[in-house]
Amino acid sequence: MTSGQGPGINEPGRRISEAAAALAPGLVAIRRDIHAHPELAFEEVRTAGIVAAELERLGIPYRTGVGGTGVLGMIEGGRPGPTLAIRADMDALPIHEETGLPFASTVDGKMHACGHDIHTVTLLGVAEVLRDLAPMLAGRVALVFQPAEEVLQGAAAMIADGAAEGIDMALGFHNHPDMPVGETGFVRGACLAASDRFDLVIRGRSGHAAHPDTAVDPIVAAAHFVSQAQTVVSREVDPLHPAVVTIGMFQGGTTYNIIPERVHLKATIRTLHPATRDLAEAAIRRLCAGLEAGFRVECALDYRRLVPPLANDDAVLDQLLAAVTAQLGAAPKPGVPSMGSEDFSEFAQRVPSAHLRIGSGTPGRADKLHNAGYQPDEACIPLGVQALSRAALEILS
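Residue numbers for the sequence shown follow this note's numbering, so the first one is 10 and each next one is one higher.
Right, dumping it as structure tokens:
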């Protein structure tokens, strides 16, 4: 059952269910407005303004401009206790929308193709429910409306601005179109990967293609590197520890008969375990050194660590799962880790945290995130409100 009206639901659960149902039409309307006006990372001025206006309407104290365009609200409980953060991301993607929906993006080349509009209004719904239940809370709830998740920089920016100060634990969530509405899910331990990236410029010596002996060919060296980089996963990483090395850009040369001066590569590395993360970086640096010795090229490597793996804390996760089961009448389903990344991990690295998967699959469709035709089922909004509100109530009981 997914209505929040299952057998044995207690009075707080019924209040949450009824409140979420009553709020749903308004939340959907706000979601559609945000969807029609998407904003990219650190550009979420309009979206942040909507969030601030809603918190103002609810009488919830808040601070704007946190980490650039983030908003941080705070609900004080009726008794002393710990502070629980609940985080939602707000940014869109540089994708041209092709859904044809009446509330489709009005901004060319920008779209909420990951459902962050869904996340924003879900947390607004949680804010209203928990405001009314505040006397029952032992502690505080920090409402974290975060910018720039898609570039994996917003969480760190908010934390640098004090968003994690005084936080004792945190909850994150994401809609999942691969799960039907009404289902929720989770992964124990590391559920999302660390994300690192590098730019590699391989410099040789240009020359005529007919006389390669007079040049130093960076294309041959770069091609060798691309092949060797795959052995980091296949021959160096523990087979039971997932890792991905993907070269996303290979750029060099201008025409048929010229050996170019340089080749530029861009790549991403994803890992679930800290030791594997260290190993992969060391291997890439070693391969570059070998390339210089073996191919007479110069390698300029810019290797950047972005976010750590997102690891769920068992104690917080167990409380989250029990609360969701009690509220929705169905237990969240265990899943497998993803090599995708999520900068909620910046909070999870600092305080015990848990991340919930919320089904958003529209019946008859097979949507994928980051797709120009993405159409999540808006029924996931009130269900997310229920799940997260009940979790906060139980954790701060």
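All residues carry an ideal CB built from backbone N, CA and C; glycine is no exception.
Since the model is a prediction, treat every value here as computed from it, not as a measurement.
Beta-carbon proximity of Ile25 to Gly393, cut-off 9 Å: It is not a contact, given that the beta carbons lie outside the stated cut-off.
Among the candidates Thr371, Asp352 and Arg399, whose CA atom is the shortest distance from the CA of Gln155? Residue Asp352 holds the alpha-carbon nearest to the alpha-carbon of Gln155 among Thr371, Asp352 and Arg399.
Under 8 Å by Cβ, that's how I've got Ile95 and Leu152 pegged, so tell me the actual separation to the nearest angstrom. Distance from Ile95 to Leu152 at the Cβ level is roughly 6 Å; contact confirmed, criterion being Cβ atoms closer than 8 Å.
Hey, quick one: how far does the beta strand (DSSP E) through Asp170 stretch, first residue to last? Following the DSSP letters along the chain, one finds Asp170 in no beta strand (DSSP E), marked with neither H nor E.
Residues near Lys275 in its chain [Cβ-Cβ closer than 6 Å; skip 5 each side]: Once the five neighbours on either side are set aside, the close Cβ partners of Lys275 are Asp208, Gly257 and Met258.
Burial state of Glu20, where buried means 16 or more other Cβ atoms lie within 10 Å: It counts as exposed.
Range of the contiguous beta strand (DSSP E) that encloses His273: Per DSSP, the unbroken beta strand (DSSP E) holding His273 starts and ends at Arg271 to Thr280.
Strictly under 9 Å for the Cβ-Cβ distance: is Glu48 near chain D by that measure? Looking at the structure shown, chain D is missing, and only one protein chain is on hand.
According to DSSP, is Gly407 part of a helix, a strand, or is it coil? Lying outside 10 to 406, the shown extent of the chain, residue 407 is not represented and no answer is given.
Count the CB pairs spanning the region 254-273 and the region 220-228 that are closer than 8 Å, and state whether there are at least three. At 8 Å Cβ cutoff, the stretches touch.
Is DSSP giving Thr115 helix, strand or coil here? Note: Thr115 maps to coil in three-state DSSP.
Determine the direct distance from the alpha carbon of Val316 to that of His379, and round the result to whole angstroms. Straight-line Cα distance between these residues: approximately 19 Å.
Strictly by DSSP, which residues pair up with Arg96? Under DSSP, Arg96 shares a beta bridge with Val153.
Considering only their Cβ atoms, is the gap separating Val272 from Gly261 smaller than 9 Å? Going by C-beta atoms, Gly261 is nearer than 9 Å to Val272.
Whole-Å CB distance - Thr131 paired with Ile390, under 8 Å assumed: About 5 Å; that satisfies the 8 Å criterion.
What does the alpha-carbon distance come out to for the pair Gly35 and Asn321? Spanning the two alpha carbons is a distance of roughly 32 Å.
If I'm right that Gly77 touches Leu64 with Cβ under 8 Å, what's the distance once you round it to whole angstroms? Contact flag wrong, Cβ pair sits at about 18 Å.
For Ile84, which residues does DSSP report across the bridge? Paired residues: Val150.
Give a yes or no on contact between the region 298-306 and the region 178-189, applying the rule of three or more CB pairs nearer than 8 Å. Taking 8 Å as the limit for Cβ pairs, the verdict is that the region 178-189 does not touch the region 298-306.
I'd like the list of long-range same chain contacts for Ala166, defined as Cβ closer than 6 Å, with 5 residues on each side in sequence excluded. The answer, listed in chain order, is Gly76 and Gly77.
Ile293: which of Gly349, Cys308, Arg40 and Leu142 sits nearest, CA to CA? Nearest of Gly349, Cys308, Arg40 and Leu142 to Ile293, Cα basis: Cys308.
Distance between Val242 and Arg366 (C-alpha atoms, nearest Å): Going from the Cα of Arg366 to the Cα of Val242 covers about 28 Å.
Can you tell me which of the three DSSP states Ala203 falls into? DSSP places Ala203 in strand when its eight states are reduced to three.
Supposed close pair Pro346, Leu201 - CB separation, criterion 8 Å: So it is a contact: roughly 7 Å between Cβ atoms.
So what does His128 bridge to, in DSSP terms? According to DSSP, which records beta bridges pairwise, His128 is partnered with nothing at all.
Which residues does DSSP pair with His217 in a beta bridge? According to DSSP, His217 bridges with Ile267.
What does DSSP give as the partner residue(s) for Val196 in the beta ladder? Val196 pairs with nothing; no bridge assigned.
Buried versus exposed, by CB contacts within 10 Å (16 or more), Pro251: Buried, by the Cβ-count rule.
Residues of its chain near Arg41, where Cβ-Cβ distance is below 6 Å and the 5 sequence neighbours each way are ignored: Answer for Arg41: Phe112, listed in chain order.
In the DSSP output, what is Thr255 paired with across the bridge? DSSP, once it has assigned bridges, lists Thr277 as partnering Thr255.
Grouping DSSP H, G and I as helix and E and B as strand, with all else coil, what is Leu49? If DSSP states are grouped into helix, strand and coil, Leu49 belongs with coil.
Could you check whether Phe195 and Leu281 sit closer than 9 Å to each other, using their CB atoms as the reference points? Taking 9 Å as the Cβ cut-off, Leu281 and Phe195 do not qualify as a contacting pair.
Based on the DSSP secondary-structure assignment, which residues constitute the bridge partners of Ile39? According to DSSP, Ile39 shares a beta bridge with no other residue.
With burial defined as no fewer than 16 other Cβ atoms inside 10 Å of the residue's Cβ, what is the status of Gly373: buried or exposed? Under this definition Gly373 is an exposed residue.
With H, G and I counted as helix, E and B as strand and the rest as coil, what does DSSP make of Val345? Val345: coil per DSSP, three-state reduction.
Return the first residue and the last residue of the beta strand (DSSP E) that Leu180 is part of. If you look at Leu180, you'll find it in the beta strand (DSSP E) that goes Met178 to Pro189.
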